[in-house]
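Q: What follows is a structure written as structure tokens; I'll ask about it next.
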Ligand SMILES: [Zn+2]
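Numbering (this note's numbering), first residue to last: 2 to 326.
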């Protein structure tokens, strides 16, 4: 008798726990059934941007397609995750070759009633051939964009410049107001707050105007917009994607450039054990420093409360070492 009471109590407790667990976050289907709003972004940096301006306690479900921290350039979403985008009210992506899959489905999404926003259309883009980046060390030695590279002719790494983030924030604010005019005031408040934080970040970056050197060596040439603005060059080990390796000939060329320009640091995405980087350290005595292209956040970074601002300030600290100090 006693046993069965305990069993019943246990079942009730389990059911209660299950009820609360499943109710913690509404599913996308439920948002749709409640005629709630769903916003999809292609990549994590845009997700964070929409969250900042949309606010955390709104009824908007915000999702992103490319898993946080994944290699963005070669990512190809599954047909299932592409189908989910049809549920969205708004789909935001960078464009200009960063997410070829998004450009492919833009028209059909728009036809099924999704408001698609290609953010790069609103920005002043830098053309690769005008950019202060040397990418002839890519793969077999060809210039990266002559070998059917996924990048287009414009540099898509727009989010790594606070100035571009300011413009994108304004567009996101306008789209949110169109979607839910009742919350206009809140969106404007959030936007203005976000804007002032971006302006503060921009002011911090202006220290780069005092640069004493004007060349950095990077593993992934993702910082073209900052390079353009502050007048330094990126010498890229791997072209504009984190793939491929320099040939022995081009490696010798990089070593020559490092010595010639008395370069003390090389920038890598993460401080992982990389053969090429190790060769450069051994040959030239350079020190490897991380420069984070903010493709997303690891579980640990999320836990530590990292975001665009904290990552960018860490990037600035290291850029200062290479350029200013
Ligand atoms: Zn890239």
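Don't be surprised by glycine CBs; every beta carbon is placed ideally from N, CA and C. It should be emphasised that the depicted structure is a prediction, and the values quoted were computed from it without experimental measurement.
Any heavy atom of ligand 1 inside 8 Å of the beta-carbon of residue 95?
A: Stepping through the chain shown from its first residue, residue 95 is reached at position 94. No, ligand 1 has no heavy atom inside 8 Å of this Cβ.
Q: Look at the alpha carbon of residue 113 and the alpha carbon of residue 42, and state the distance between them as a whole number of angstroms.
A: Indexing the chain shown from 1 puts residue 113 at position 112. Indexing the chain shown from 1 puts residue 42 at position 41. If you take the alpha carbons of residue 113 and residue 42, they lie about 17 Å apart.
Q: Return the CA-CA distance between residue 299 and residue 99, expressed in angstroms with no decimal places.
A: Position 298 of the chain shown, counting from 1, holds the residue named residue 299. Position 98 of the chain shown, counting from 1, holds the residue named residue 99. For residue 299 and residue 99, the distance between alpha carbons rounds to 21 Å.
Q: Is residue 268 close to chain D? Criterion is C-beta to C-beta, closer than 9 Å.
A: Absent here is chain D; the protein component of the structure consists of one chain.
Q: Just tell me which of 104, 75, 40 and 54 has its CA closest to the CA of residue 86.
A: Start at 1 with the first residue of the chain shown, and residue 86 comes out as number 85. Residue 86 has its Cα closest to that of 40, out of 104, 75, 40 and 54.
Q: Just to check my reading of the structure: residue 294 and residue 319 have Cβ atoms closer than 8 Å, yes? What is that Cβ distance to the nearest angstrom?
A: Numbered from 1 along the chain shown, position 293 holds the residue referred to as residue 294. Numbered from 1 along the chain shown, position 318 holds the residue referred to as residue 319. Not confirmed; about 13 Å, so no contact.
Q: Return the bridge partner residues of residue 237 from the DSSP annotation.
A: For the purposes of this step, residue 237 is taken as residue 236 along the chain shown, with counting starting at 1. Bridge partners of residue 237: 219.
Q: What does the Cβ neighbour count give for residue 249, buried or exposed, with the cut at 16 atoms within 10 Å?
A: The sequence position of residue 249 within the chain shown is 248, counting from 1. Counting Cβ neighbours within 10 Å, residue 249 comes out exposed, since fewer than 16 surround it.
Q: Under 8 Å: do the region 197-209 and the region 304-315 share three or more Cβ pairs, one atom per stretch?
A: Contact holds: three or more Cβ-Cβ distances are below 8 Å.
Q: What are the start and end residues of the beta strand (DSSP E) that includes residue 119?
A: As a first step, residue 119 is located in the chain shown; it is residue number 118 there, counting from the start. Start and end: 116-119.
Q: Does ligand 1 have even one heavy atom less than 8 Å from the beta-carbon of residue 101?
A: If you number the chain shown from 1, residue 101 lands on position 100. Not so, every heavy atom of ligand 1 lies at least 8 Å from the Cβ.
Q: Using a threshold of 8 Å, is the CB atom of residue 73 nearer than that to any non-hydrogen atom of ligand 1?
A: Position 72 of the chain shown holds residue 73. Answer for residue 73: yes, Cβ within range of ligand 1.
Q: Looking at ligand 1, does it come within less than 8 Å of residue 223, judged from the CB to the closest heavy atom?
A: Position 222 of the chain shown, counted from the first residue, corresponds to residue 223. Yes, Cβ of residue 223 sits closer than 8 Å to a heavy atom of ligand 1.
Q: Taking 8 Å as the threshold, find out whether the region 89-105 comes into contact with the region 169-189 through three or more Cβ pairs.
A: Enough Cβ pairs lie closer than 8 Å, so yes.
Q: Taking all protein chains shown into account, decide if residue 237 is buried (16 or more other Cβ within 10 angstroms of its Cβ) or exposed.
A: As a first step, residue 237 is located in the chain shown; it is residue number 236 there, counting from the start. That one is buried.
Q: By Cβ distance, which residues of its chain are closer than 8 Å to residue 106, with the 5 residues on each side in sequence left out?
A: As a working note, residue 106 is residue 105 in the chain shown. The answer, listed in chain order, is 83 and 86.
Q: Along the chain, where does the beta strand (DSSP E) that runs through residue 268 open and close?
A: Walking along the chain shown from the start, residue 268 turns up at place 267. Run containing residue 268: 266-269, per the beta strand (DSSP E) assignment.
Q: By DSSP, does residue 184 sit in helix, in strand, or in coil?
A: By one-based count along the chain shown, residue 184 stands at place 183. Of the three classes helix, strand and coil, the one that applies to residue 184 here is helix, per DSSP.
Q: Taking DSSP's pairing of strands, which residues face residue 1 in a bridge?
A: With the chain running from 2 to 326 in the structure shown, residue 1 is simply not present.
Q: Helix, strand or coil for residue 310? Go by DSSP, reduced to three states.
A: Looking up residue 310 in the chain shown gives position 309. Helix.
Q: Considering only their Cβ atoms, is the gap separating residue 264 from residue 189 smaller than 9 Å?
A: Your numbering for residue 189 matches position 188 in the chain shown. Your numbering for residue 264 matches position 263 in the chain shown. No, the pair does not count as a contact, with Cβ atoms beyond the cut-off.
Q: Thinking residue 325 and residue 211 are a contact (beta carbons under 8 Å), I'd like their distance in whole angstroms, please.
A: One-based indexing of the chain shown puts residue 325 at position 324. One-based indexing of the chain shown puts residue 211 at position 210. Their Cβ separation, rounded to whole angstroms, is 6 Å, which keeps residue 325 and residue 211 in contact under 8 Å.
Q: Whose C-beta lies closer than 6 Å to the C-beta of residue 103 among residues of the same chain, with five residues either side of it excluded?
A: As a position in the chain shown, residue 103 is number 102, starting the count at 1. Answer for residue 103: 43 and 94, listed in chain order.
Q: In the DSSP assignment, the alpha helix (DSSP H) including residue 228 goes from what residue to what residue?
A: Within the chain shown, the letter at position 227 stands for residue 228. Here the alpha helix (DSSP H) through residue 228 covers 225-231.
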